Amino acid sequence: MIPFDKLLNPEQLEAATAPDGPLLVLAAAGTGKTQTLVYRVAFLVEQGQAPDSLLLLTFTNRAAREMIERAQAAAGEAAGGVWSGTFHHICNRFLRRFGDRLGFRHDFTIFDRDDSRACIDECVKTLKLNRKEFPKRDVLAGLFSHAANRAVDVEDAIEHNLSALQVDPMDIVRVHGAYEARKRELGAMDFDDLLVNGLRLLREHEPVRQYYQARFRHVLVDEYQDTNLLQAQTVDILAAQHGNVMAVGDDFQCIYGWRGADFRNIMEFPKRHPACRIVKLERNYRSVPEILEVANAVIAGNPEQFQKTLRATRPARDKPRALFLRDGDEQARAVVRQVRRHQEEGFRLRDMAVLYRAHFHSIELQMELSRAGIPYVITSGVGVFEQAHVKDVLAFLRVCCQPCDRLAFARLLGMLPGVGEKSVEALWRELGGQFDSAAPPQRAALAGRLRPPARAAWKAIGELLAAYHDERLETRGGEIVDRFFEAFLHAHLERTYENAEKRADDIVELALQIGRSPSVPAFLAEVALLTNVDHTFDRQKRGEDADALQLGTVHQAKGLEWPVVFVIWVAEGMFPSSRTLGETGDDAEERRLFYVAVTRAKDELCLCVPQMRGAREGGVFYCKPSRFIKELPRGLLRETYGLR
DNA sequence: GTTGGGAGAATTTTT
DNA sequence: TTCTCCCAAC
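Residue numbers 781 to 1424, in my numbering, belong to the letters of the first sequence in order.
Quick look at the structure:
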């Protein structure tokens, strides 16, 4: 028997051991939300629930893995059988199994951002709309995604977003139609399609719905405040039969509104589930009282939320600092100095993090850290699996096992000398709209159609494709990647990039990663859904990273904590970001984001406020301290000016 | 048709 | 500073 009452405080205990029925846990930052979910899982398993009748939906793969591991530690290995992952992951699993009901192959490809963008470009071109003033692919992609995640028509999304634009909305609707058709044709889904189709599958196919409804006796959702309409509906359908749905979240921390997250989902949960029991967790175990005072004051600026106050449990320490600095360079030097000071006090580099609103805010700091010789890891905007050279390898693997994957085919062939877009198109057509690398005649046909220079370069790749099938390398992904690298990619990288060695290291890493997956197709199905946050976390966990300072956006820091946290560019226009304010004029979400940043800190918090920002062409312009600092009552921060 | 150079623009947050 | 697009040469 697990001694729940010894491990949990009364509120946590109430949530973890609650009887069946809907349950809403309002868990403020640092109040043991994860702990509560972990022990809820442990409790259910101990009560005799079959682990695979539990579904745990989380926001990152990292969170899912962490909770399952901890549940295993508490309730035994069996807890590993719980279904867990992100909404995208779980929908992916549903669709791999039952997607044929919607007309998809079981080996459909998942478009990542680049794939979507390329595909949209293609559609715009085909429709001959590629005029200068026509919206760019990113704008279009954003629009389509906006519509999908809110379950509205593209027309409505256009009206909502681009009413000022001088474009015929019907043209955009036509691009959208073409994009949808193209994905169909290629047997592909983009990120949003996973959610849309996952929900459609449950809605429109009763046997599938009944199967999953019967199967999942309990549905648990982490970070519920960041669910969008599709996700909330998916949860409600899955839990409809047994009625056991547990939503855990904090409306103060809803920071994905721009992606369709709607904190009304959490606000109205009690209305949708009238019998629901509500538990509030307010005792904060993470931060010192001085930091919590700042956090409470920050969020007080947002009305209309569930009232929660963070209550401190830790003893007093120093007040958080506000450093007022001249510009980004001085800020970078100040952070370096502070980092060194904390090191002298005994903090390790990995105990410290620098958070910012947007990736480009970190440029000066990165340069200064390099100069100072302080190692750092940055969770960058471009995912590890989105970099060009990594995608080259993935394209090769996709050609190995996905005969209909035209995009991968195009990418792989495009690496050959003298082969570009047009040649690829012609080849694909001549091969009959597919390329089955398992079939020797197809391989021969392809080689035969290449021009001599390309054919020479293809030889090595063709042999590897044969080897993949003949030697059954699908379960030895690491080996096939190494061989592809040796036989072709290494030379290609040398030819194409300045920093070929660095990129080569990434390929070694990739080979290792694939080696941990049961098979190449399994890896490919998951890889588009892995994020760089997951990746950084994995590396740290395996101890592959040396002690290093952590850099990342506030969004990426969600759910994490560090003894020492720096927030940089706490200035109007940067944080809050002028872009967001320009669109809606509403700063509530930015304030919640700032709240998330502040509540990541356990012992020390340092807010950096530069007063000047370099503009283009060498000019400067002044920026005021962020409203989030100005709103605070006086006396909560230790203010210092300049480098000290 | 392909490729590379050069000029120009731009720079939110993510599955 | 880094990506992106367009044009001219092979």
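We treat Cβ as the ideally placed atom computed from N, Cα and C, and that holds for glycine.
The structure presented is a predicted model; accordingly, all values stated were derived computationally and were not measured.
| Is it the case that the Cβ atoms of aspartate 1098 and glutamate 1073 are separated by a distance below 8 Å? | With contacts defined by Cβ atoms closer than 8 Å, aspartate 1098 and glutamate 1073 do not form a contacting pair.
| message | Please give me, in chain order, every unbroken run of the beta strand (DSSP E) with length at least 3 that falls completely inside the stretch 975-1041. | response | The qualifying runs are 998-1001 and 1025-1029.
| field | Start-end ranges of the alpha helix (DSSP H) lying completely within the stretch 1143-1228, minimum 4 residues | value | Counting only runs of 4 or more, we get 1143-1152, 1168-1181, 1186-1194 and 1201-1210.
| field | CB contact flag (cysteine 1388, valine 1115, <8 Å) | value | Yes; because the gap between Cβ atoms is below 8 Å, this pair is in contact.
| field | Residues bridged to serine 864 [DSSP beta-bridge criterion] | value | Beta-bridge partners of serine 864 (DSSP): Leu836.
| request: Look at the Cβ atom of leucine 1192, then the Cβ atom of glutamine 1391, and state whether they are nearer than 8 Å. | output: Taking 8 Å as the Cβ cut-off, leucine 1192 and glutamine 1391 do not qualify as a contacting pair.
| said: If you measure between the beta carbons of leucine 806 and alanine 1077, is that distance less than 8 Å? | reply: No, these two residues do not count as a Cβ contact at 8 Å.
| Classification of tyrosine 1421 by the beta-carbon crowding that lies within 10 angstroms, buried from 16 upward | Exposed.
| query | Tell me which same chain residues have a C-beta within less than 6 Å of the C-beta of aspartate 1327, skipping the five on either side of it? | reply | Leaving aside the five residues that flank aspartate 1327 on each side, the residues in its chain whose CB is nearer than 6 Å to its CB run, in chain order, Arg1128, Leu1129 and Arg1130.
| What distance in whole Å lies between the Cβ atoms of glycine 810 and glutamate 1333, which are believed to be in contact at a cut-off of 8 Å? | It should be pointed out that residue 1333 corresponds to threonine in this sequence rather than to glutamate. A Cβ-Cβ separation of about 19 Å leaves threonine 1333 out of contact with glycine 810 under the 8 Å criterion.
| said: Suppose the cutoff is 7 Å on Cβ atoms and the five residues either side in sequence are ignored; what does the same chain contact list for alanine 937 look like? | reply: In chain order, Leu923, His926 and Ala927 place their CB closer than 7 Å to the CB of alanine 937, counting only its own chain and leaving out the 5 sequence neighbours on each side.
| Which residues bound the alpha helix (DSSP H) around valine 1115? | Per DSSP, the continuous alpha helix (DSSP H) segment holding valine 1115 begins and ends at 1108-1124.
| request: Using beta-carbon positions only, say whether methionine 969 and leucine 1000 come within less than 8 Å of one another. | output: The answer is no: Cβ separation not under 8 Å.
| field | 4 or more residues per run - each alpha helix (DSSP H) lying fully within the stretch 799-839 | value | Segments of the alpha helix (DSSP H) lying fully in the stretch 799-839: 813-826.
| message | I believe isoleucine 782 touches alanine 854 by the beta-carbon criterion, under 8 Å. Please report the beta-carbon distance rounded to the nearest angstrom. | response | About 6 Å separates the two Cβ atoms, so the contact holds.
| Close beta carbons around proline 1301, own chain, < 6 Å, minus the five adjacent residues each side | Answer for proline 1301: Cys1181, listed in chain order.
| task | Take leucine 1423 as the anchor and find which of Arg1113, Glu902 and Arg876 has the nearest alpha-carbon. | result | The shortest CA-to-CA distance from leucine 1423 to any of Arg1113, Glu902 and Arg876 is the one to Arg1113.
| field | Cβ distance (whole Å) where leucine 1253 is taken to contact alanine 1246 below 8 Å | value | Between the beta-carbon of leucine 1253 and that of alanine 1246 there is about 11 Å, and that puts the pair past the 8 Å contact cut.
| request: Could you tell me which of Asn872, Arg1044 and Glu913 sits nearest to leucine 974, measuring between CA atoms? | output: Answer by Cα proximity: Asn872.
| query | How close, in whole Å, do the beta carbons of glutamate 791 and leucine 966 come, if the pair is a contact with beta carbons under 8 Å? | reply | Rounded, the Cβ-Cβ distance is 50 Å, inconsistent with contact.
| said: Given this structure, state the Cα-to-Cα distance separating histidine 1122 from glycine 1108, to the nearest angstrom. | reply: The alpha-carbon atoms of histidine 1122 and glycine 1108 are separated by roughly 21 Å.
| task | List the endpoints of the continuous beta strand (DSSP E) containing leucine 1105. | result | Segment 1101-1105, the beta strand (DSSP E) holding leucine 1105.
| said: Whole angstroms are fine: how far does the CA of alanine 1227 sit from the CA of lysine 1239? | reply: Each residue's CA atom was taken as its position, placing lysine 1239 and alanine 1227 some 8 Å apart.
| field | Reduced DSSP secondary structure (H/G/I, E/B, other) of aspartate 1391 | value | As written in the sequence, residue 1391 is glutamine, which differs from the aspartate given in the question. For glutamine 1391, the secondary structure class from DSSP, reduced to helix, strand or coil, is coil.
| field | Nonlocal neighbours in the same chain, by C-beta distance under 7 Å from glycine 1242, ignoring five residues either side | value | The beta carbon of glycine 1242 lies closer than 7 Å to those of Arg1223 and Ala1227 in the same chain, with the five residues before and after it left out.
| request: Would you please state the rounded distance, in angstroms, between the beta carbons of arginine 1371 and glycine 1153? I believe it to be under 8 Å. | output: Arginine 1371 to glycine 1153, Cβ: 37 Å. No contact.
| request: Determine the burial state of isoleucine 1348: buried for a count of at least 16 other Cβ atoms within 10 Å of its Cβ, exposed for fewer. | output: Flag for isoleucine 1348 reads buried.
| By a C-beta neighbour count over all protein chains shown, 10 Å radius and 16 as the cutoff for buried, is aspartate 785 buried or exposed? | Exposed is the call here.
| field | Whole-angstrom distance between glycine 883 and methionine 1047, CA atom to CA atom | value | Using only the alpha carbons, I get a separation of about 37 Å.
| query | Within this structure, are the beta carbons of leucine 979 and leucine 875 separated by less than 8 Å? | reply | The Cβ atoms of leucine 979 and leucine 875 lie no closer than 8 Å to each other.
| request: Work out the CA separation of arginine 877 and valine 955 for me, nearest whole Å. | output: Taking the straight line joining both Cα atoms gives about 30 Å.
| field | Validate contact between the stretch 1133-1149 and the stretch 1352-1360 using beta carbons, cut 8 Å, 3 pairs | value | By the Cβ rule, the stretch 1133-1149 counts as touching the stretch 1352-1360, because three or more pairs are nearer than 8 Å.
| What residue ranges within the stretch 1254-1293 form continuous alpha helix (DSSP H) runs of no fewer than 4 residues, ordered along the chain? | Segments of the alpha helix (DSSP H) lying fully in the stretch 1254-1293: 1257-1264 and 1270-1276.
| query | DSSP beta-bridge partners for tryptophan 1342? | reply | Paired residues: Ala1381.
| said: Checking 8 Å against the spacing of the C-beta atoms, do aspartate 832 and glycine 865 come in under that value? | reply: No; because the gap between Cβ atoms is not below 8 Å, this pair is not in contact.
| request: Determine the direct distance from the alpha carbon of leucine 793 to that of alanine 830, and round the result to whole angstroms. | output: Here the alpha carbon of alanine 830 sits roughly 21 Å from the alpha carbon of leucine 793.
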